[in-house]
Amino acid sequence: MNSENLIIDVDVKDEGPSEITNLLYRKIGQPPKPDITELSGLWGADSYDLENVDIFKESSLSEKLLVLEDCARGRLEEAYHIEKSGMAFTSKMTLLADTLQERKLYCQFSADEANHLEAITSFLPNISENHKDNPFIQLLADIINTGARRPLIFIIQVLLEGWGIDHYQGMFNSCRSIALGEVLSKIIKDEAGHHGSGLMLFNENEMTPTEMNYVIDTLKIFFQMVQVGSVGTVASIEKVKGHLSSSQKIGLLHQLQSRENAQRKLNVLKKLMHKAESNKIIEALEKNNCFRAFDYQTVMNL
Ligand SMILES: [Fe+2]
Ligand SMILES: [Fe+2]
Numbered sequence: 206m207n208s209e210n211l212i213i214d215v216d217v218k219d220e221g222p223s224e225i226t227n228l229l230y231r232k233i234g235q236p237p238k239p240d241i242t243e244l245s246g247l248w249g250a251d252s253y254d255l256e257n258v259d260i261f262k263e264s265s266l267s268e269k270l271l272v273l274e275d276c277a278r279g280r281l282e283e284a285y286h287i288e289k290s291g292m293a294f295t296s297k298m299t300l301l302a303d304t305l306q307e308r309k310l311y312c313q314f315s316a317d318e319a320n321h322l323e324a325i326t327s328f329l330p331n332i333s334e335n336h337k338d339n340p341f342i343q344l345l346a347d348i349i350n351t352g353a354r355r356p357l358i359f360i361i362q363v364l365l366e367g368w369g370i371d372h373y374q375g376m377f378n379s380c381r382s383i384a385l386g387e388v389l390s391k392i393i394k395d396e397a398g399h400h401g402s403g404l405m406l407f408n409e410n411e412m413t414p415t416e417m418n419y420v421i422d423t424l425k426i427f428f429q430m431v432q433v434g435s436v437g438t439v440a441s442i443e444k445v446k447g448h449l450s451s452s453q454k455i456g457l458l459h460q461l462q463s464r465e466n467a468q469r470k471l472n473v474l475k476k477l478m479h480k481a482e483s484n485k486i487i488e489a490l491e492k493n494n495c496f497r498a499f500d501y502q503t504v505m506n507l
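Per the numbering used here, residue 206 is the first one in the sequence shown, and the count goes up by one each step.
Okay, structure coming up:
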């Protein structure tokens with residue numbers, strides 16, 4: 206199958222419950238019931254490294270709850286859109302599969318992603334469509350639409366699903382909801398399987414020069430989004446506290462240990478690439494300083 210002929214609406218509309226929903230629940234069971242209904246109660250300040258942030262500590266209780274709510278919403282909405290993209294990705298890979306065994310495997314993964322999406326949705330009231338401003342979700346949709354089989358295996362399964370395990374594990378470790386914790390631990394287990402199969406299917410030496418260039422160019426854009434650090438948390442604080450000057454933002458990034466956190470994530474990504482023995486890709490990204498977190502002044506100038 207030629208992947209160039211296929212255009213996928215990754216962001217297919219959610220029209221709310223219908224008769225189809227009943228059929229779906231008959232198949233996968235009822236979605237989990239949240240034991241904590243306030244988004245602000247799902248994770249504490251420590252989960253976002255806010256416990257040493259002066260502007261947060263000095264805020265009123267209601268302001269603190271608003272920041273926690275916005276951070277939790279950002280986290281869950283991103284997960285919602287990633288899982289939604291996961292369904293489109295696995296469906297495309299089902300069609301692009303080289304063998305029948307591979308096709309059967311991707312069909313199973315597709316069902317996993319649908320289950321993840323359904324479970325995450327139960328904890329997320331009023332999903333907003335403002336993800337159009339989320340460059341990572343936009344990039345992901347673009348990759349799913351334009352990527353060929355081998356680059357997709359590397360970028361999505363080896364890197365993003367491998368990284369997803371670490372990301373969901375962090376969310377699980379500090380989660381205060383037992384019901385959401387159960388959902389997260391199931392997702393982590395499934396994503397480990399998705400990532401593991403990516404490692405088995407990927408071989409850097411099979412990539413064509415065009416595919417190599419596609420992977421490197423795409424990853425340069427993706428790595429930049431990681432190199433900037435905790436700008437999402439800064440945006441949540443600004444939403445509640447009002448406009449912050451550049452120097453206030455730099456102070457905030459310091460207290461959030463943004464650069465250290467970004468560097469830790471970049472190290473995880475590099476380790477995943479080593480695991481896949483993708484030496485040429487690592488070398489190309491190293492030449493572009495992609496594995497080094499940006500300093501705060503650079504973040505402000507972007
Ligand atoms: Fe998933
Ligand atoms: Fe997955």
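Using N, Cα and C, we set each Cβ at its ideal position, and we do this for glycine too.
Check: residue i C-beta below 8 Å from any heavy atom of ligand 1
{"i": "D303", "result": "no"}
{"i": "E482", "result": "no"}
{"i": "G291", "result": "yes"}
{"i": "D395", "result": "yes"}
{"i": "G369", "result": "yes"}
{"i": "E256", "result": "no"}
{"i": "H399", "result": "yes"}
{"i": "I361", "result": "no"}
Endpoints, alpha helix (DSSP H) assigned at residue i
{"i": "Q306", "result": "L305 to T326"}
{"i": "Y285", "result": "L266 to L301"}
{"i": "F428", "result": "P414 to Q432"}
{"i": "V504", "result": "Y501 to N506"}
{"i": "K218", "result": "Unbroken run through K218: none, as it is neither H nor E."}
{"i": "E443", "result": "V436 to K446"}
{"i": "K470", "result": "S463 to K480"}
{"i": "S452", "result": "S451 to Q460"}
{"i": "Y253", "result": "Segment: none, Y253 is in no alpha helix (DSSP H) and carries neither H nor E."}
{"i": "D235", "result": "The residue you asked about is not Asp; residue 235 is Gln in the sequence shown. Neither: Q235 is in no alpha helix (DSSP H) and is coded neither H nor E."}
{"i": "N496", "result": "A small fix is needed here, since residue 496 is Phe in this sequence, not Asn. No alpha helix (DSSP H) contains F496, which DSSP labels as neither H nor E."}
Residue i CB to nearest heavy atom of ligand 2 below 8 Å
{"i": "E366", "result": "yes"}
{"i": "D317", "result": "yes"}
{"i": "T503", "result": "no"}
{"i": "H372", "result": "no"}
{"i": "T299", "result": "no"}
9 Å Cβ cutoff, residue i in contact with chain D
{"i": "G401", "result": "Among the protein chains of the structure shown there is no chain D, as only one such chain exists."}
Inset, instruction - Could you pull out every unbroken alpha helix (DSSP H) segment of at least 4 residues lying fully inside the region 362-393, listed in chain order? - result: 367-378
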